Structure formats: C-alpha cells, structure tokens
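Reading through the structure tokens given below for one structure.
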Amino acid sequence: MKLPHRRQFLHLAAGAAALPAVSRIARAQAYPSRPVRIFVGFAAGFTPDIVARLVGQPLSERLGQQFVVENRPGAAGNLATEAVVRAPPDGYTLLLTNGANAVSATLYEKLSFDFIRDIAPVASIAGAALVMVTNLSFPAKTVPEFIAYAKANPGKINMAAAGGGASTPFLAGELFKAMTGVEWVWVQYRGEYMPDLISGQVQAAFTVIPRSLEYIRTGKLRALAVTSAAHLEVLPDVPTVDEFVPGYEASSWFGVGAPKGTSTEIIEKLKKEIDAIVAEPNMKVRLVGLGLQPMSLTSAEFGKFIADQIEKWAKVIKFAGIKPLQRLDIP
C-alpha cells in the first residue's frame, strides 16, 4: 500500500486535529436548539426572580428558544446552585448568580460544591446597592449624627433585618459596625418589617432599594445614605456611606453563571446577547427603576469580581461570628 506523501499526511493530521474545534463552533452556532432553564435560588417576586425574567424574555426573543425561569428557593440560593452544578455543561442550564452566592461560600461550611470551582461566570447584569434608612422620629438625620447617637446610646438602636445572616443587608450592617465601632440590637423578621420601621417599633434598617424606594419618595422613611461607591441615579440627592466612612461599600449584584466545563463558544454567545440586552436604553431604565446599576464586565472580570466578593464577605462573617439561620431571605 502506498503511503501518502509527508505534506499530504501533515495536511490530513491538521484537519483531524481541527475537527473538535470545528465541532464545538458548529454546536455553538446551533445553540440553543431547545429551551434553556435559568435557575433562581429565591421565590417569585423577589429581586433575583425579577432580574432573571427581565433578561430571560429578551434572550428568548433574540435566540429563538424559550429561556424559562425556574425558581428553586431554599438555603440562601444553594439549592438552585447545586442543581446547576450537577447539570450537564451544555448551556441549557444556567444560574442567576447574586450576592448570596458570595456570602454562602463562607457561611455554609459543608456545601457539596465550590462556587468558584464549579460555576463558570458568563455575564454580569447589575449591581444592587442598599440604602440606610431610619424612621422619621429617629433623632439622627445624617450618617455622622447616626454614629454619634449610636456611640452615645450603645445597644439602644433596634435595627431591622429580614431573614438572617446570609442577607446582604445584614452583612452591610455588620460591615458598618466593624468600620465605625457602633453597636445596635438586631431585630430579625421572618416577614415584612416596613410597618414596624415606619411606626417606630424599630428605628433603622439597611434595605434593598426596591423595598424602600416608595416610602422614601413619599416621606415615610428618611434615607441617610446609599451603600454604593457612587451616587445612584434613582436617589440622586442621597449621599454614600463612603463619604462619611471612607472605604465603605456594600452591594449585592446579579449575573449569569453556567456549569463549569460549558464551552467557551456558548459562554461567549450568551455573554454577547446579555451584554446587548443590558445596554438597551429601555432595559437600563427598568434596571435603574429597581435601584440597580447596569454592570458590564468581561467573563474573566466577572469571575475576579465574584472571587473578591467572596473574600470580602468572608472577613465580615468571620469577624462578626455569623452563623446560618434556617430561613434566609433577600440576597
């Protein structure tokens, strides 16, 4: 049998080596060919669910397949994360990632997964700052006045918190305490605390903006400061905590992740579409209206951002000795 010439052999070998890459690209071009599930670790109506649906619908329209939001609440989002970690890395199971994931990485010591190792960052969507509020009868009207009052009256401020130790509002408060040296009494609520805050049963809270925005606008609550590094468009006249406590920043965030091992081509395709959706003027308006700040990072930058968030909240959790509670609410 006549052997092929060396040049012909090398050409055939190169072609064979290229087949896997060509196959991956072809699969990515065909993706998605069936419905895609976006797992959300919180119940319908909470901010993570709203964000997932805001992005899922236009993804369906742009890619020609349904992106179905599947709520899997429980254990501060860990049930949903575990379901995605165990799914095939084919792009048909995604996770609405958020600040609770960064907190859980330290708070829960016996998780069956490692978030950094097992979830591939796909695309960032938005940051979610909090706002520090008090009722109108509380004597302090600014952050410096709040700090002065708290130091003069240690343990006499009742601070409302929804859920427990895995919520970003709770940790934002613990970070504030660590950086200012003040003390207060946490009052944990299993449900809504706004009526008690407005009436004065509790005096203050670090709260997600969608929960408190209308009360602030109608003058039922006083906004002392937002927890973001910069002023927010939705509350332009409210200062940042950082202006009075240098270096303070405490925000949640939202993005999309996929099982580790999902092809680069599929991740890049999803990222391109999600970035385009977040950049649309109407979407920006809707996100800002929820008190969110559109955030566009590369997949690598998003991965580093998540790692930094895990490290940041690990320090707060360990410093404050926070332990998980049975029920954990808003991320």
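The opening residue of the sequence shown carries number 12 in the working numbering; numbering runs sequentially from there.
The beta carbon of each residue, even a glycine, is placed where N, CA and C say it ideally should be.
For clarity, every value in this text was computed on a predicted model and none was experimentally measured.
Next on the checklist: Is T108 near the ligand MG - that is, is its Cβ less than 6 Å away from at least one heavy atom of it?
Outcome noted: The ligand MG is not part of the structure shown, which contains no ligands of any sort.
Next on the checklist: As an exercise, report each continuous beta strand (DSSP E) stretch of at least 3 residues that is fully enclosed by the region 27-91, in chain order.
Outcome noted: 47-51, 78-82
Next on the checklist: Please report the distance separating the alpha-carbon of W197 from that of M170.
Outcome noted: Here residue 197 refers to the residue found at position 186 when the sequence shown is read from its first residue. Here residue 170 refers to the residue found at position 159 when the sequence shown is read from its first residue. The alpha-carbon atoms of W197 and M170 are separated by roughly 5 Å.
Item to check | Chain-order list of residues whose beta-carbon lies under 6 Å from that of E185 (same chain, five-residue window excluded) | outcome: Stepping through the sequence shown from its first residue, residue 185 is reached at position 174. Taken in chain order, the residues that qualify are V327, A331.
Item to check | Inter-residue CB distance, W264 and A131 (contact presumed, cutoff 8 Å) | outcome: Translated into the one-based positions of the sequence shown, residue 264 becomes position 253. Translated into the one-based positions of the sequence shown, residue 131 becomes position 120. Between A131 and W264 the Cβ distance is about 17 Å, and since that is not below 8 Å, they are no contact.
Next on the checklist: Is it buried or exposed, D319, if we count other Cβ atoms within 10 angstroms and call 16 or more buried?
Outcome noted: For the purposes of this step, residue 319 is taken as residue 308 along the sequence shown, with counting starting at 1. Exposed, since its Cβ has fewer than 16 Cβ neighbours within 10 Å.
Checklist entry - Is the beta carbon of I158 sitting closer than 7 Å to the one on V289? => result Translated into the one-based positions of the sequence shown, residue 158 becomes position 147. Translated into the one-based positions of the sequence shown, residue 289 becomes position 278. The answer is no: Cβ separation not under 7 Å.
Item to check | Cα-Cα separation, E93 to F124 | outcome: In the sequence shown, counting from the first residue as 1, residue 93 sits at position 82. In the sequence shown, counting from the first residue as 1, residue 124 sits at position 113. About 7 Å.
Item to check | Spatial neighbours of W324 in its chain, beta-carbon cut-off 7 Å, leaving aside the 5 residues before and after | outcome: Here residue 324 refers to the residue found at position 313 when the sequence shown is read from its first residue. Once the five neighbours on either side are set aside, the close Cβ partners of W324 are A113, V114, T117, L182.
Item to check | M306 to F187 span [Cα, whole Å] | outcome: Taking the first residue of the sequence shown as 1, we reach residue 306 at position 295. Taking the first residue of the sequence shown as 1, we reach residue 187 at position 176. Going by the C-alpha atoms only, they are around 24 Å apart.
Item to check | Nonlocal neighbours in the same chain, by C-beta distance under 7 Å from V193, ignoring five residues either side | outcome: Locating residue 193 in the sequence shown gives position 182, counting from the first residue. So the list reads I158, A161, K162, once near-sequence residues are dropped.
Checklist entry - What residues in its chain sit with their C-beta under 6 Å from that of F217, if we drop five residues either side in the sequence? => result Start at 1 with the first residue of the sequence shown, and residue 217 comes out as number 206. Counting only Cβ-Cβ distances below 6 Å, and skipping sequence neighbours, we find L141, M143, P180, A183, G184.
Next on the checklist: Just to confirm my understanding: we take L14, look at its own chain, exclude 5 residues before and 5 after, and list those with CB closer than 6 Å. What are they?
Outcome noted: Numbered from 1 along the sequence shown, position 3 holds the residue referred to as residue 14. For L14, the predicted structure reports a pLDDT of 44, less than 50, and the residue's modelled location is therefore unreliable. A value from the coordinates is still provided. Taken in chain order, the list of residues that qualify is empty.
Item to check | For R128 and A173, the rounded distance between their alpha carbons | outcome: Position 162 of the sequence shown, counted from the first residue, corresponds to residue 173. Position 117 of the sequence shown, counted from the first residue, corresponds to residue 128. Distance between the alpha carbons of A173 and R128: 30 Å.
Item to check | Through-space distance from E244 to E279, alpha-carbon basis | outcome: Mapped onto the sequence shown, residue 279 falls at position 268. Mapped onto the sequence shown, residue 244 falls at position 233. Approximately 30 Å between the Cα atoms of the pair.
Item to check | Length of the line joining the Cα atoms of R228 and Q77 | outcome: On the sequence shown, residue 228 is found 217 positions in, with the first residue counted as 1. On the sequence shown, residue 77 is found 66 positions in, with the first residue counted as 1. Distance between the alpha carbons of R228 and Q77: 37 Å.
Checklist entry - Excluding the five sequence neighbours on either side, which residues of its own chain have a C-beta within less than 6 Å of the C-beta of F126, listed in chain order? => result Looking up residue 126 in the sequence shown gives position 115. For F126, where only same-chain residues beyond five positions count, the Cβ hits under 6 Å are N112, A116.
Checklist entry - Skipping 5 residues on each side, what residues in its chain have a beta carbon closer than 7 Å to that of F20? => result Here residue 20 refers to the residue found at position 9 of the sequence shown. Confidence at F20 is low in this model, with a pLDDT of 39, below 50, so its placement is unreliable and the value that follows should be read with caution. Cβ neighbours of F20 beyond the five flanking positions: none.
Item to check | Unbroken alpha helix (DSSP H) run spanning A134, endpoints | outcome: Position 123 of the sequence shown, counting from 1, holds the residue named residue 134. Premise fails: A134 lies in the beta strand (DSSP E), 130-146, not in any alpha helix (DSSP H).
Checklist entry - So P84 packs on G52, CB below 8 Å; how close in whole Å? => result For the purposes of this step, residue 84 is taken as the residue at position 73 of the sequence shown. For the purposes of this step, residue 52 is taken as the residue at position 41 of the sequence shown. With 8 Å as the limit, P84 and G52 qualify as a contact, their Cβ atoms being about 6 Å apart.
Next on the checklist: Taking the alpha carbon of P69 as the reference point, which residue from Y103, D286, L303 has its own alpha carbon closest?
Outcome noted: Reading the sequence shown from its first residue, position 58 is the one you call residue 69. Per the Cα distances, D286.
Next on the checklist: If I follow the unbroken alpha helix (DSSP H) through P100, where does it start and stop?
Outcome noted: Within the sequence shown, numbered from 1, the residue matching residue 100 stands at position 89. Note, P100: premise wrong, no alpha helix (DSSP H); not H, not E.
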